[in-house]
Structure formats: structure tokens, C-alpha cells
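Chemist: I'd like to ask you about the structure that follows.
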Amino acid sequence: MPRLRVTMRIRWMMMAADASVVMRKYLELNTDMYVDPLVPE
Numbered sequence: 003m004p005r006l007r008v009t010m011r012i013r014w015m016m017m018a019a020d021a022s023v024v025m026r027k028y029l030e031l032n033t034d035m036y037v038d039p040l041v042p043e
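This is the structure in C-alpha cells:
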């Protein structure tokens, strides 16, 4: 069970980071430091 919790925590942290970038884009704020230009959206 602890391994599942770690996996879920990592997924949650990644979703929170993605949501943060999406919100910054929605607010038309600069996201250059968060978005890798080599990765397609």
C-alpha cells in the first residue's frame, strides 16, 4: 500500500504543476520558464 500512496502523491504533484501552468496561460501570464519549447503541446 505505501508504494501506491507514493505513486498517487507523485501523480497529484504533476497534475498540480500542470494545472498551475494552465492557469497562468489562462491569465495570460508568462509561462516560458515552465514550458519546454521542445515538447509539443
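Position in the sequence shown (from 1) plus 2 gives the number in my numbering. Here a beta-carbon is modelled for each residue, glycine too, at the ideal position from N, C-alpha and C. As the structure is a prediction and not an experimental result, all values here were calculated from the model.
#1: Where does Thr33 fall in DSSP's three states?
#2: What does the alpha-carbon distance come out to for the pair Leu29 and Ser22?
#3: Reducing DSSP to helix, strand and coil, say where Asp20 ends up.
#4: Please report the straight-line C-alpha distance between Asn32 and Arg26, rounded to a whole angstrom.
Modeler: Let's see:
#1: Taking the sequence shown and counting its residues from 1, one reaches residue 33 at position 31. Residue state for Thr33 is assigned as coil, using DSSP reduced to three classes.
#2: As a first step, residue 29 must be located in the sequence shown, where it is residue number 27. As a first step, residue 22 must be located in the sequence shown, where it is residue number 20. Whole-angstrom Cα-Cα distance: 11 Å.
#3: Here residue 20 refers to the residue found at position 18 of the sequence shown. Correct three-state label for Asp20: helix.
#4: The sequence position of residue 32 within the sequence shown is 30, counting from 1. The sequence position of residue 26 within the sequence shown is 24, counting from 1. Straight-line Cα distance between these residues: approximately 7 Å.
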